[in-house]
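Numbering (the working numbering), first residue to last: 1139 to 1735.
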């Protein structure tokens, strides 16, 4: 402050920002977290193809949760809150998860598309020599930054503070542009404001195309190795026999991963209207994704309820039907069987959170308060229900929910709603960076170790305890059923006449399962009828009191998930009285060792 020497009153105020020239916005950080996330998803796919379903489910669940945490960090950077520089720089490392990536030719495509569809591209980045850009705005005076461009064509320099003694109402306000939230994120990455939506959209489409191309190449590569004799015929047999269904499931997973990104960008585009064609893209994309996820969720709920009605266990149909598992499994494998419906609260949580980030760009305080309430509700929900598949996965996701809730509280403080001194905001910004950086590092190490072990270990399933919902006893084995336990499960599913290697167990046709049509194939019904000639199995030995496996505790569980009524009617009446067998005969192999001999 400059004080008047005569009166002692303040005559002027000068504010300057000090910096050591360092930043936590590092391309190396962004690339590292992106590569680890991608490797985890690839590792889960490879592990699933090798038949280690338990390991694949754990790695996929951790990878999706890790990706969701990165998107939550990006959400904070997209809010219209005056973030401390270290927080804004830190969250910028995760904007790639929202498709905000600066690539020269992509920007050219976006600008061309906008012009050709009646839009007017912004020229903010090309006018930095004459326009002052406010990338952060406080309640009293703006923190203004400039990117100086010399007349001789020097490259853009770092953001500098602009002196504005008259506040935001100075004489140069006509050359001042205020950007915040999503616009700030795009500006920091060198993306024109009008290109932000289309940039994220293009990268989402490109990601989908690369995944489809990768699946096709992997399919051809596997078939070529098998024909050359360099790979065993039973390797990746699930994928090779039913690769189209697997591809559909992968595309559904991509829709789920890209859902937070498209919710924010599409609804934000509704408020921008950069061009009529972009508005059409936004409307079509977001409502198509909402319809796909809503229909898929309802499909899972219907299958689970049918399984409960028929078999007293929601896991039976969800995991015994390979087409349902490969196509819809991305919605429920990370949860325990009794929490099959929890994907609905997760989708609602993402949707509401994204709506506030996209539509409340004019008021950062509203966004911060909304995020605190949303994160608190979700944290309470996951702590009370503990819906994930086991203790480790629950701890993993609950810890992420806790960090997201704490971050939302910090975001509320950054709005200066508590009128705290500036030094407090700065210190809290440093704390925000430290605890999020440590937590991110821990998550990355956990996911990386799990991914490496999943791919390199001979039997990675030994690292994980069997699921309490007994899903493992319902998932079809991809190897020959050589043990009595596998044979028991195969008989209950109607697979004893054809192993996984036979065409009867292939998953390439959606009509072969509940997920897409009826199961009226005569050969299937005949195989099921033959499989059930072995008889019903008692649920408990009356003398020893020992229970048989959970899937056989009731007679209804012995029926096939495909055609229960027809299969039951085909059974021999003598099978209903399994306990009343002649005492002189030798015990059945299903009875030996179970208290019957």
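Quick reminder that beta carbons are idealized off the backbone N, C-alpha and C, glycines included.
Bear in mind the structure is a predicted one, so any value in this text is a computation, not a measurement.
query: In chain order, which alpha helix (DSSP H) runs of at least 4 residues are fully inside the stretch 1372-1439?
result: Fully contained in the stretch 1372-1439 are the following alpha helix (DSSP H) runs of length 4 or more, in chain order: 1375-1379 and 1381-1410.
- prompt: In chain order, what residues of the same chain have a beta carbon less than 7 Å from the beta carbon of residue 1222, not counting five sequence neighbours either side?
  reply: Excluding positions up to five away in sequence, the list reads 1552, 1563, 1564 and 1567.
task: Can you tell me which of 1318, 1381 and 1392 puts its alpha carbon nearest to the alpha carbon of residue 1344?
output: Ranking 1318, 1381 and 1392 by Cα distance to residue 1344 puts 1392 first.
message: Beta-carbon within less than 7 Å of residue 1524's beta-carbon, same chain only, minus the 5 sequence neighbours each way: which residues are those?
response: Taken in chain order, the residues that qualify are 1532.
query: Should residue 1169 be labelled buried (16 or more other beta-carbon atoms within 10 Å of its own) or exposed?
result: So residue 1169 counts as exposed.
- prompt: Which one of 1388, 1373, 1555 and 1249 has the shortest CA to CA distance from residue 1348?
  reply: Distance check between residue 1348 and each of 1388, 1373, 1555 and 1249 places 1388 closest, using alpha-carbon atoms only.
message: Which of the three DSSP states is assigned to residue 1570 in this structure?
response: Correct three-state label for residue 1570: helix.
field: Residue(s) in a DSSP beta bridge with residue 1526
entry: Partner(s): 1473.
- request: Determine the DSSP secondary structure at residue 1316, reduced to helix, strand or coil.
  value: Of the three classes helix, strand and coil, the one that applies to residue 1316 here is strand, per DSSP.
task: Would you kindly work out how many angstroms separate the C-alpha atoms of residue 1483 and residue 1239, rounded to a whole number?
output: One C-alpha to the other measures close to 30 Å.
query: Given 8 Å as the limit, is there contact between the stretch 1183-1190 and the stretch 1588-1601, that is, 3 or more CB pairs closer than that?
result: Cβ pair count under 8 Å is three or more, so yes.
- request: Would you mind reading off the limits of the beta strand (DSSP E) that contains residue 1212?
  value: Annotation: residue 1212 is outside any beta strand (DSSP E); the continuous alpha helix (DSSP H) that includes it extends over 1191-1216.
Distance, residue 1256 Cα to residue 1413 Cα: About 6 Å.
message: Tell me which residues share the same chain as residue 1439 and place their Cβ nearer than 6 Å to its Cβ, disregarding the 5 neighbours each side in the sequence.
response: 1479, listed in sequence order.
- prompt: Do residue 1581 and residue 1204 have their C-beta atoms within less than 8 Å of each other?
  reply: Taking 8 Å as the Cβ cut-off, residue 1581 and residue 1204 qualify as a contacting pair.
- prompt: Hey, would you say residue 1227 sits closer than 8 Å to residue 1161, going by beta carbons?
  reply: By the CB criterion at 8 Å, residue 1227 and residue 1161 fall inside the cutoff.
- request: Quick one: residues in its chain with C-beta nearer than 6 Å to the C-beta of residue 1369, no 5 flanking neighbours on either side, listed in chain order?
  value: So the qualifying residues of the chain are 1363.
field: Cβ pair count under 8 Å reaching 3, the stretch 1403-1417 against the stretch 1350-1359
entry: Touching, no, given that fewer than three Cβ pairs across the two stretches are closer than 8 Å.
task: Taking only runs that begin and end inside the stretch 1154-1185, name each unbroken alpha helix (DSSP H) of 4 or more residues, in chain order.
output: List check, alpha helix (DSSP H) in window: nothing returned.
query: Does the separation of the CB atoms of residue 1232 and residue 1491 fall below 8 Å?
result: Cβ distance not < 8 Å, so residue 1232 and residue 1491 don't count as in contact.
query: Alpha carbon to alpha carbon, how far is residue 1424 from residue 1404?
result: Rounded to whole angstroms, the gap between the alpha carbons of residue 1424 and residue 1404 is 6 Å.
- prompt: Leaving out the 5 sequence neighbours to the left and right, which residues in its chain are closer than 7 Å to residue 1703 when beta-carbon positions are compared?
  reply: Confidence at residue 1703 is low in this model, with a pLDDT of 45, below 50, so the placement of that residue should be treated as unreliable; the coordinate-derived value is given next. The answer is none, since no qualifying residue turns up.
task: Determine the DSSP secondary structure at residue 1514, reduced to helix, strand or coil.
output: Residue 1514: helix per DSSP, three-state reduction.
Pair within 8 Å by beta-carbon distance, residue 1399 and residue 1324: In this structure, residue 1324 does not lie closer than 8 Å to residue 1399 by Cβ.
message: Distance check for residue 1320 and residue 1502, CA to CA, integer angstroms please.
response: The straight-line gap from Cα to Cα measures roughly 12 Å.
- prompt: Shortest alpha-carbon distance to residue 1570 belongs to which of 1215, 1341 and 1335?
  reply: Selected option, being the one with the closest Cα: 1215.
query: What span of residues does the alpha helix (DSSP H) with residue 1595 cover, start to end?
result: First-last for residue 1595: undefined, no H or E at that position.
query: How is residue 1458 classed by DSSP in three states: helix, strand or coil?
result: For residue 1458, the three-state secondary structure derived from DSSP is helix.
- request: Please work out which residues of its chain come closer than 8 Å, Cβ to Cβ, to residue 1473, disregarding the five sequence neighbours upstream and downstream, and give them in chain order.
  value: Its chain contains 1480, 1481, 1525, 1526 and 1527 as the residues whose beta carbon lies nearer than 8 Å to that of residue 1473, once the 5 sequence neighbours on both sides are disregarded; these appear in chain order.
field: residue 1456 to residue 1446 span [Cα, whole Å]
entry: Answer to the nearest angstrom: the Cα atoms are 10 Å apart.
message: Just verifying my parser: in three-state terms, what is the DSSP assignment at residue 1532?
response: Here residue 1532 sits in helix by DSSP.
- request: Pick helix, strand or coil for residue 1464, following the three-state DSSP scheme.
  value: Of the three classes helix, strand and coil, the one that applies to residue 1464 here is helix, per DSSP.
query: With 16 other CB atoms within 10 Å as the buried threshold, where does residue 1554 fall?
result: It counts as buried.
field: Spatial neighbours of residue 1520 in its chain, beta-carbon cut-off 7 Å, leaving aside the 5 residues before and after
entry: So the list reads 1535, 1536 and 1539, once near-sequence residues are dropped.
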